[in-house]
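Structure first, commentary second.
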Amino acid sequence: QNVATRLSTTNKIMSNAIEPEEYMNPPVPKELPWFEVPLVRATEQSLRGYGRLVKDPSQAAVEIVKWPVKGWRQLDPGTGDEGGTTSGIFKVWWNGDTLFGQNQAVASNRYLFGWSCNPLHAAPTPDPLSNVGNLPSLPHDRSRLLLWHMNYHPDGGQCFFPVNGEAFVAPLALPGDDVKPEHFVAFYVDGGRGLYIHPNIWHDGVFPIAESGSFHDEQGKVHARVSCNIAKEHGVFLSIPLRAPE
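Counting the sequence shown from 1 gives a position; my numbering is that position plus 305.
Next comes the structure, spelled out in structure tokens:
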């Protein structure tokens with residue numbers, strides 16, 4: 306029984322991992338119900354426990370988590386967090402009904418975040434790495450984003466700051482591996498502000514209200530990522546409103 310329990314736990318742990326190629330070809334159904342995530346304005350009070358607003362990305366002070374030890378011996382002082390941070394531009398853009406992103410700060414860096422409708426009805430995206438799907442003759446409803454996936458970084462925090470000052474929305478949930486759709490809150494960040502999130506905070510990308518956006522990104526250089534395929538584990542897409550709160 307102990308062996309069976311350990312095998313079951315191992316299979317569960319292995320099954321949540323998402324391969325790099327799956328980020329551009331999500332292993333999800335073409336149609337699912339939507340879970341409406343509540344939208345709130347990001348303030349120092351509403352972000353308590355999640356992170357904080359950022360006025361100057363050079364002063365963000367990204368937290369780096371000490372390397373975990375396996376036994377009773379402690380790390381030597383001044384060690385275990387010397388990897389520091391990495392930074393780059395985090396790009397997000399719509400192509401037809403599909404939202405893509407690329408994080409130049411890390412190696413595994415191309416993502417299909419989600420859709421404005423169920424993927425069954427999404428317009429084709431012949432070239433995902435461009436915005437060729439944004440044709441004036443093909444209007445698209447970008448008032449929401451349907452997310453299939455979320456993740457967190459146990460090695461460090463992360464800072465996003467809009468290069469052109471655009472407003473954006475960031476869905477977040479507090480730490481805990483048994484995350485559920487109802488744990489998420491979509492934070493609307495006013496233009497000209499950035500967002501810092503603590504280590505272990507569930508998130509995906511940051512999503513501009515505009516057709517596209519570029520963000521300064523700084524995060525832990527180790528780039529440990531723990532994922533949850535929301536569509537697979539909970540049978541829904543997270544519906545994120547892309548607008549200001551009423």
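Ideal placement from N, C-alpha and C gives every residue a C-beta, glycine not left out.
Asked	Found
Proximity to TYR493 [Cα-Cα], best of PHE512, ALA366, LEU404	PHE512
Inter-residue Cα distance where the pair is ARG530 and ALA427	28 Å
Exposure label - VAL474; buried when at least 16 CB within 10 Å	buried
When VAL490, ALA515, SER448 are compared against GLY470, the one with the closest alpha-carbon	ALA515
Reference TYR501, options TYR457, MET329, VAL367, closest by Cα	VAL367
Straight-line Cα distance separating ASN330 from GLY497	33 Å
Same chain only: Cβ atoms within 6 Å of GLY389, ignoring 5 sequence neighbours per side	LYS526
Residue range of the beta strand (DSSP E) that includes ILE394	390–400
Buried/exposed call for LYS396, threshold 16 Cβ in 10 Å	buried
C-beta atoms of LYS335 and PRO429 nearer than 8 Å	no
Length of the line joining the Cα atoms of ILE364 and PHE418	Reading off the sequence, residue 364 comes out as Gln, not Ile. Roughly 28 Å separates the two Cα atoms.
Which residues DSSP lists as bridging ASN321, in chain order	Paired residue(s): none; ASN321 is not in a bridge.
Contact check, LEU450 vs ILE545, beta carbons under 8 Å	yes
Cβ-Cβ separation, PHE542 to VAL342 (assumed contact under 8 Å), whole Å	Rounded, the Cβ-Cβ distance is 10 Å, inconsistent with contact.
CA-to-CA distance, GLY499 to ASP361, given in whole angstroms	8 Å
Which listed residue (GLY385, THR403, LEU352) has its alpha carbon closest to that of TYR328	THR403
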